[in-house]
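Before any comments, here is the structure.
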Amino acid sequence: MRASVAGCRMTLGTLLNGLLVSVVAALLWKYSKLSEHAALLEDELHMTRQSQELSQARIDYHVALESLQQHGTQMVCTGKMHTDRICRFDYLCYCSDAEEFVFFHSNSSVMLPNLGSRRFQPALLDLSSVEDHNTQYFNFLELPVAALKLMPKPVFVPDVTLILNRFNPDNLMHVFHDDLLPAYYTMKQYSDLDDEARLVFMEGWSEGPHFDLYRLLSSKQPLLKEQLKNFGKLMCFTKSYVGLSKMTTWYQYGFVQPQGPKANILVSGNEIRQFSKALMDKMNISRPQESDASAEDDKDKKEDYIVVFSRSTTRLILNEAELIMALAQEFQMRVVTVSLEDQSYPSIIQVISGAYMLVSMHGAQLITSLFLPRGAVVVELFPFAVNPEQYTPYKTLASLPGMDLHYISWRNSIEENTITHPDRPWEQGGISHLEKVEQERIQASKDVPRHLCCRNPEWLFRIYQDTLVDIPSFLDTLKEGMKTKPILKKSKTATLVHPGRVREPQCQTSVQTSNEAKLTVSWQIPWNLKFLKVREVKYEVWIQEQGENTYMPYILPQQNYTFSENIKPFTTYLVWVRCIFNKTLLGPFADVLMCRT
127 MRASVAGCRM
137 TLGTLLNGLL
147 VSVVAALLWK
157 YSKLSEHAAL
167 LEDELHMTRQ
177 SQELSQARID
187 YHVALESLQQ
197 HGTQMVCTGK
207 MHTDRICRFD
217 YLCYCSDAEE
227 FVFFHSNSSV
237 MLPNLGSRRF
247 QPALLDLSSV
257 EDHNTQYFNF
267 LELPVAALKL
277 MPKPVFVPDV
287 TLILNRFNPD
297 NLMHVFHDDL
307 LPAYYTMKQY
317 SDLDDEARLV
327 FMEGWSEGPH
337 FDLYRLLSSK
347 QPLLKEQLKN
357 FGKLMCFTKS
367 YVGLSKMTTW
377 YQYGFVQPQG
387 PKANILVSGN
397 EIRQFSKALM
407 DKMNISRPQE
417 SDASAEDDKD
427 KKEDYIVVFS
437 RSTTRLILNE
447 AELIMALAQE
457 FQMRVVTVSL
467 EDQSYPSIIQ
477 VISGAYMLVS
487 MHGAQLITSL
497 FLPRGAVVVE
507 LFPFAVNPEQ
517 YTPYKTLASL
527 PGMDLHYISW
537 RNSIEENTIT
547 HPDRPWEQGG
557 ISHLEKVEQE
567 RIQASKDVPR
577 HLCCRNPEWL
587 FRIYQDTLVD
597 IPSFLDTLKE
607 GMKTKPILKK
617 SKTATLVHPG
627 RVREPQCQTS
637 VQTSNEAKLT
647 VSWQIPWNLK
657 FLKVREVKYE
667 VWIQEQGENT
677 YMPYILPQQN
687 YTFSENIKPF
697 TTYLVWVRCI
707 FNKTLLGPFA
717 DVLMCRT
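Using our numbering, the letters of the sequence shown map in sequence onto residues 127 to 723.
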């Protein structure tokens, strides 16, 4: 009996000990899980804070991470070639250690276009607006989403971002032509790239001297490539656009062929003036009221003045004061100087935006001519041996339809009126590092031959000369150029509108004799013509015998015409008709007519 009681007590004690161990183990397991969960929450909170450092936009880190793990990266692009492609990404990531973008694959990933290995021939897209430059290519590496477990926790960028390369942020011409204009209209192209979007510059340059201009594109501070590593080893952009539109560029810099206007310019002065107005609004600059320059009393409405760009280090105008006095006397106007070295952009642009004339040595500062009012004059000065016809970025800009600027160039033709700097560094025109024979050849040359970009020593030697402007020849050039300055009239939208298709085109034929026939073609006016006041309306008719390669063109003032010359009996003719406004604005051809005599 006692043995039985003792056995029960031992069994009960063992049971209680077992239960106690189980409870403690369960508590320890629960504590471990709670600690692990707390660590995860703390980690997520830390990553969320890092994301918040990038943006005021709020992000749920857990949701973002789960979306990346489940769906991977998504990519949809526009454009057929790498030179015209812009891509939108969801959850494109960047590894700062490897300095590579990463596309994470899951079963839900999207990659359009899916180019396979063609993505490397030569690249997915150009990161800058400079076409097909081998330093500007964009691509990414690919990983499965499972690889995220082996990588640092990602920091998510909640802003919509535009990822691009600045081409040369130290040069004002490149800043406007290659970066600001393309970025502005790329952002116009996509509605979510608004004032709250973030720009990310991946070319690796520092801010540079013109960074305040980039800040005008967005209310958020742009990010540099070097700054990305400060936010974590793996950054993931929740929504980003990569690449820039090239539609607003008008000039190529001579990487493949000597520099000059692009073969297919797609931008007009209208788009550039809208861009310049938007930047002026951002800088709180109001343009002086542009009056009708054809009015007799225009000079009474506002005071006209001339602006001279002054340079203090290179490419100097050695007799700047004499030039200013000559301009003031010739035009009976006030002459003011501006300087990139001494003045802020807003103050310079405020002055230029109301100027009658802008005078400057060839150089990047002339890109500010896009802020000139309509009807203004751009006068570009070139040093000795530099042919103005070979270097025309600002002439091309001034000549764009709708810019309404008058361009004049002057070239120093007197070698004694120039000071060269052979002992300067090569990038400022120095040639002392060259062989003696080559130095002598360059110094004896009277005309820089056409060349490729960007380190031609003869070009650099001549373009960095200082110039004593010959006042009589300068004024003669100016007077001659002003003779062709058009009278600017108030812009009328109708003068820029193209005609639509002619309506109801039809043909009738008749056979006169065995070798004579007539072909009558008629049509109705384009639909939009009845809403417009157009100075001159004419019609272009093309007639082609079926099976032949040539056609007969006609320009006609009326809406019907009977053709008999060269019209043969029992022959089929193809006929096209279109409308022309004011000699230059062409409409589309109507559907081809097939007319049998």
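Note that beta-carbon positions come from the ideal geometry of N, C-alpha and C, so glycine has one too.
These numbers come from a predicted model, not from an experiment.
CA nearest to the CA of residue i, picked from the options
i       : options                            : result
Thr-518 : Val-505, Asn-233, Gly-528, Asp-530 : Val-505
Ile-432 : Gln-554, Pro-527, Val-477, Thr-698 : Val-477
Val-283 : Tyr-220, Asn-240, Asp-296, Tyr-311 : Tyr-220
Asn-233 : Gln-196, Phe-264, Glu-446, Gln-569 : Gln-196
Thr-603 : Ser-571, Ile-534, Ser-640          : Ile-534
Leu-655 : Arg-704, Ile-613, Leu-614, Thr-676 : Arg-704
Glu-642 : Glu-691, Gln-672, Pro-384          : Glu-691
Arg-588 : Lys-521, Ser-222, Glu-541          : Glu-541
Ser-465 : Val-485, Ser-243, Tyr-687          : Val-485
Glu-566 : Ile-557, Val-637, Asp-573          : Ile-557
Leu-449 : Gln-469, Ser-243, Ile-597          : Ile-597
Arg-550 : Ala-273, Trp-536, Gln-591          : Gln-591
Own chain, CB closer than 8 Å to residue i, minus 5 neighbours either side, in chain order
i       : result
Lys-611 : Val-503, His-532
Asp-321 : Ser-344, Ser-345
Leu-167 : Residue placement at Leu-167 is flagged as unreliable, the pLDDT there being 43, under the threshold of 50; the coordinate-derived value follows with that caveat. Contacts found: none.
Val-311 : One point to set straight first is that residue 311 is Tyr, not Val, in the sequence displayed. Within the same chain, Tyr-311 has close Cβ partners Ser-371, Met-373, Thr-374, Glu-397, Phe-401.
Gly-713 : His-624, Pro-625, Gly-626, Arg-627, Val-628, Pro-652, Arg-704, Cys-705, Ile-706, Phe-707
Glu-226 : Tyr-220, Phe-266, Leu-267
Enclosing beta strand (DSSP E) for residue i [first to last residue]
i       : result
Ala-643 : 642-650
Phe-229 : 226-231
Val-464 : 460-464
Thr-204 : 200-204
Under 9 Å between C-beta atoms of residue i and residue j
i       : j       : result
Arg-500 : Glu-467 : no
Phe-435 : Thr-463 : yes
Pro-280 : Leu-194 : yes
Val-623 : Cys-633 : no
Leu-253 : Ile-289 : yes
Asn-291 : Glu-329 : yes
Val-256 : Thr-375 : yes
Arg-627 : Phe-715 : yes
Phe-707 : Pro-631 : no
Val-512 : His-488 : yes
Tyr-379 : Pro-387 : no
Ile-475 : Leu-405 : yes
Leu-306 : Leu-349 : no
Leu-682 : Glu-662 : no
Lys-403 : Pro-278 : no
Val-368 : Phe-229 : no
Thr-494 : Thr-544 : no
Leu-586 : Glu-561 : no
Leu-399 : Met-529 : The residue you asked about is not Leu; residue 399 is Arg in the sequence shown. It is a contact, given that the beta carbons lie within the stated cut-off.
Arg-581 : Gln-516 : no
Asp-258 : His-208 : yes
Ser-724 : Gly-198 : Nothing about residue 724 can be read from this structure; the chain reaches only from 127 to 723.
Same chain, Cβ closer than 7 Å to residue i, five either side skipped, listed in chain order
i       : result
Met-720 : Thr-698, Leu-700
Leu-410 : The residue asked about is misnamed: residue 410 is Asn in this sequence, not Leu. Nothing meets the Cβ criterion.
Pro-335 : Asp-296
Glu-584 : Ile-568, Ser-571, Val-574
Met-459 : Asp-430, Tyr-431, Ile-432, Tyr-482
Range covered by the alpha helix (DSSP H) that runs through residue i
i       : result
Asp-549 : Where Asp-549 is concerned, there is no enclosing alpha helix (DSSP H), given that its DSSP letter is neither H nor E.
His-532 : Run containing His-532: none in the alpha helix (DSSP H); it sits in the beta strand (DSSP E), 532-537.
Val-563 : 562-570
Asn-396 : 395-408
Leu-194 : 187-197
Met-608 : 597-608
Leu-307 : 307-315
Val-477 : 471-478
Bridge partners - residue i, DSSP secondary structure assignment
i       : result
Ser-366 : Phe-215, Thr-287
Trp-585 : According to DSSP, Trp-585 bridges with nothing at all.
Leu-668 : According to the sequence provided, residue 668 is Trp. The question's Leu does not apply to it. In the DSSP output, where bridge partners are listed per residue, Trp-668 has Pro-679, Trp-702.
Gln-634 : Thr-646
Ile-443 : Thr-593
Leu-722 : Here residue 722 is Arg; the residue named in the question, Leu, does not match the sequence. In the DSSP output, where bridge partners are listed per residue, Arg-722 has Thr-698.
Glu-268 : Phe-229
Asp-320 : Answer is none; Asp-320 lacks a bridge partner.
Residue i at chain D interface by Cβ criterion, 9 Å
i       : result
Val-271 : In the structure shown, chain D does not exist; there is a single protein chain.
Cβ neighbours of residue i in the same chain (closer than 6 Å, five flanking residues each side left out)
i       : result
Ser-366 : Phe-215, Leu-218, Thr-287, Ile-289
Thr-204 : Ile-212
Arg-413 : Ser-479
Ala-421 : Interpretation of Ala-421 is limited by its pLDDT of 44, a score under 50 that renders its predicted location unreliable; the figure taken from the coordinates is listed afterwards. So no residue of the chain qualifies.
Thr-635 : Leu-645, Cys-721, Thr-723
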